[in-house]
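Visitor: Below you'll find the structure I mean.
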Amino acid sequence: MRALEQDGLLLRREPVRGRIGQPSVPMHLNPEGALFLGLKIGRRSTDLVLVDFMGRVRDTRRRTYRYPTPGGIVAFVGKALPGLLAGLAPDLRGRVSGMGVAMPFQLWSWVQALGAPQAEMDAWRDSDIQADLAAITGMPVYVQNDATSACGAELVFGTGEKPRDFLYFYFGTFIGGGLVLNGQLFLGRTGNAARVGPIPVPGPDGRMRRLFDAASLAALADAMEAAGESADQLWEQPDRWTVSDTILDRWLTEAAEGLASAILSATTLLELEAVLIDGWMPPAIRAEVTARTAATLQKLDLSGITPPVLREGTVGAQARSLGAAAIPLSQRYLLDQNAAQRDA
C-alpha cells in the first residue's frame with residue numbers, strides 16, 4: 196500500500212477515529228494516478244479519448260468520414276493527440292500509460308455496405324496500425340476488436356451488476372459482440388471471439404440472412420435512405436435520432452427478431468447467465484431494443500434450455516473508446532488471464 200501511495204496511485208483519506216485501537220486510514224484510487232488513451236476506429240467515425248484511473252473521460256476528439264483509411268487514422272491521431280496532452284498539467288503528461296485501439300477486424304470486408312472503394316479499404320490488409328501509432332505516440336499501443344473492447348468497458352467501467360457469464364451485443368455500423376466467461380473477457384484464439392454479426396438468422400420471408408443485415412445501424416440507415424430520409428445523423432448524434440415512426444418500428448422489430456434467434460443459438464452452446472445489449476444509440480432506443488428482444492425470445496421454442504436474463508448495457512455510446520482505454524489499464528494494473536493475448 197505504501198509503495199502504491201508513493202507512486203501516486205492511491206490517496207489517503209482522513210483517519211477514522213472513535214474506534215478501539217489506532218485510527219484507520221481509508222485509501223482510495225487517485226484519479227490522476229494513471230491516464231490512458233483510447234482510440235476507436237469505426238467504419239463511419241473515429242474517437243480519441245483521454246481517460247483517468249477511475250474511467251472518467253477527461254477529453255475527447257472526434258472525426259467522421261465516409262470510410263476509414265490507415266493514413267487518415269494516423270493523421271487524425273497525429274493532429275489530435277498534442278491537443279489532448281496540452282490540456283494536462285506538465286506533471287501529469289508522464290502518467291499517460293499507453294494507448295488502446297478498438298477497431299473492427301478485417302475492415303476490408305463488406306465494403307459494399309459502406310459504399311467504400313475496395314482498393315482503398317484493401318490498404319488495411321497490409322497496414323500495421325499498431326506500429327504506426329506507436330511510432331507517432333511514443334508509447335505502448337494495444338489493438339483489440341472493437342466490440343470486444345466495448346464488452347471490456349462494461350466489465351471494467353460498467354455500473355450495473357456484472358454476471359459471471361454473459362454475451363454482449365454492441366450496435367455500431369454493423370453489430371458486434373463480446374463474451375465474458377467466469378468473470379473474464381474471453382478473446383478467443385485470434386482475438387475475435389463472439390463475432391456475432393455473421394450469425395445466420397431467419398428474415399421476415401423465412402430465408403436465412405446474417406444478423407448484421409437486420410440488427411445494425413447500417414440496416415437502419417439503408418431503410419431511412421430508401422424512404423428519402425437522411426441517415427447522416429446516425430453517425431453524428433448517438434444521443435438523439437430523428438427517424439420516422441414507421442421505419443424505426445420496422446427496424447426495431449427486425450432487430451429484435453434477429454437478436455432473439457442469435458441469442459437462442461448462443462444459449463444452446465453456452466450456459467449464459469445474461470445477455471447485455473448496448474450501442475451507438477439513444478438510451479430510449481436501447482431500452483426498446485432490449486425489451487422487444489426479451490419478448491421475442493420468450494415466443495421461441497426454449498425447450499431444453501434456460502434462457503438468459505436480457506439487460507441493457509450501462510456504458511453506452513462511448514463503450515468502444517472507453518474499452519480501448521481499458522486495455523492499457525488492464526495490462527498494467529488488473530489481473531487478466533487474457534492479457535498476454537492483447538500484445539499480439
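Using my numbering, the first residue of the sequence shown is number 196, and each one after it goes up by one.
Don't be surprised by glycine CBs; every beta carbon is placed ideally from N, CA and C.
These figures come from a predicted structure and were not determined experimentally.
1) State the Cα-Cα distance for the pair Gly233 and Ala521, rounded to the nearest angstrom.
2) Just the Cα atoms here: how many angstroms apart are Thr509 and Asp473?
3) Nearest-angstrom Cα distance between Arg258 and Ile236?
4) Below 9 Å between beta carbons: does that hold for Trp475 and Phe366?
5) Looking at Gly347: is its Cβ nearer than 9 Å to the Cβ of Leu302?
6) Where are the beta strand (DSSP E) runs, 3 residues long or more, that stay fully inside the stretch 244–304, in chain order?
7) Which whole-angstrom value describes the C-beta separation of Gln526 and Gly378, a residue pair presumed to lie in contact below a C-beta threshold of 8 Å?
8) Who are the Cβ neighbours of Ala489 in its own chain at under 6 Å, not counting the five residues just before and after it?
9) When you compare the CB positions of Tyr262 and Val291, do they come within less than 9 Å of one another, or not?
10) Classify Ala314: buried if its beta carbon has 16 or more other beta carbons within 10 angstroms, exposed otherwise.
11) So does the stretch 495–505 actually touch the stretch 458–473, counting three or more Cβ pairs closer than 8 Å?
12) Which same chain residues end up closer than 7 Å to Gly333 when comparing Cβ atoms and leaving out the 5 residues on each side of it in sequence?
13) Please report the straight-line C-alpha distance between Ser240 and Ser498, rounded to a whole angstrom.
14) Could you check what DSSP says for Ala521 in three-state terms: helix, strand or coil?
15) For Phe407, name the three-state secondary structure that DSSP assigns.
16) Applying the 10 Å Cβ sphere with the 16-neighbour rule, what's the burial state of Pro299?
17) Looking at the structure shown, is Gln325 part of a helix, part of a strand, or coil, going by DSSP?
18) With DSSP collapsed to three states, give me the class of Arg506.
19) Relative to the alpha-carbon of Ala422, which residue among Gly310, Ser411, Ala409 and Thr441 has its alpha-carbon at the smallest distance?
20) Taking the alpha helix (DSSP H) that Ile442 falls in, what are its first and last residues?
21) If contacts are defined as beta-carbon pairs under 8 Å, then Trp436 and Ile480 qualify, I think. What distance do you get, rounded to the angstrom?
22) Could you compute how far the alpha carbon of Ser411 sits from the alpha carbon of Asp286?
23) Could you pull the DSSP bridge partners for Tyr337 from this structure?
24) Anyone know if the C-beta pair for Arg404 and Gly398 falls short of 9 Å?
25) Kindly indicate if chain B contains any beta-carbon less than 9 Å away from that of Ala409.
26) Can the beta-carbon of Leu245 be found less than 9 Å from the beta-carbon of Gly282?
27) Name the one or two DSSP bridge partners that Ser240 has.
28) Can you tell me whether Gly453 is buried or exposed, with buried defined as 16 or more other CB within 10 angstroms of its CB?
29) In this structure, does DSSP put Ala342 in helix, strand or coil?
30) Report whether the distance from the Cβ of Glu431 to the nearest heavy atom of the ligand MN is below 8 Å.
31) If you draw a straight line from the C-alpha of Ala297 to the C-alpha of Thr501, how long is it?
32) Is it buried or exposed for Ala342, if we count other Cβ within 10 angstroms and need 16 for buried?
Guide: Put simply:
1) Cα to Cα, the separation comes out at about 8 Å.
2) Rounded to the nearest angstrom, the two C-alpha atoms are 7 Å apart.
3) Cα-Cα distance, rounded: 10 Å.
4) Yes, the Cβ-Cβ distance between Trp475 and Phe366 is below 9 Å.
5) Contact flag unset, no.
6) Listed in chain order, they are 252–259 and 291–298.
7) About 18 Å separates the Cβ atoms of Gln526 and Gly378, ruling out a contact at the 8 Å cut-off.
8) Leu505, listed in sequence order.
9) Result no, Cβ atoms of Tyr262 and Val291 do not sit closer than 9 Å.
10) Its Cβ having fewer than 16 others within 10 Å, Ala314 is exposed.
11) Yes: at least three Cβ pairs fall under 8 Å.
12) Take Gly333, set aside five residues on each side of it, and no residue of its chain has a beta-carbon closer than 7 Å to its own.
13) For Ser240 and Ser498, the distance between alpha carbons rounds to 42 Å.
14) It is helical.
15) Residue state for Phe407 is assigned as helix, using DSSP reduced to three classes.
16) Taking every protein chain shown into account, the CB of Pro299 has 16 or more other CB atoms within 10 angstroms, so this residue is buried.
17) Helix, per DSSP.
18) Correct three-state label for Arg506: strand.
19) Out of Gly310, Ser411, Ala409 and Thr441, Thr441 has the C-alpha closest to the C-alpha of Ala422.
20) Annotation: the continuous alpha helix (DSSP H) that includes Ile442 extends over Asp440 to Leu464.
21) That belief holds up - the Cβ atoms of Trp436 and Ile480 are roughly 7 Å apart, short of 8 Å.
22) Pairing Ser411 with Asp286, the inter-Cα distance amounts to about 43 Å.
23) Answer is Gly295, bridged to Tyr337.
24) Yes, they are a contact pair.
25) Included in the structure is just one protein chain, with no chain B present.
26) Closer than 9 Å, so yes.
27) As computed with DSSP, Ser240 is found in a beta bridge with Thr259.
28) Its Cβ being crowded by 16 or more others within 10 Å, Gly453 is buried.
29) Residue state, collapsed to three classes: helix.
30) For the structure depicted, the ligand MN is absent and the ligand set is empty, with no information on it obtainable.
31) When the Cα atoms are used, Ala297 and Thr501 turn out to be separated by approximately 33 Å.
32) Around the beta-carbon of Ala342, 16 or more other beta-carbon atoms lie within 10 Å, marking it buried.
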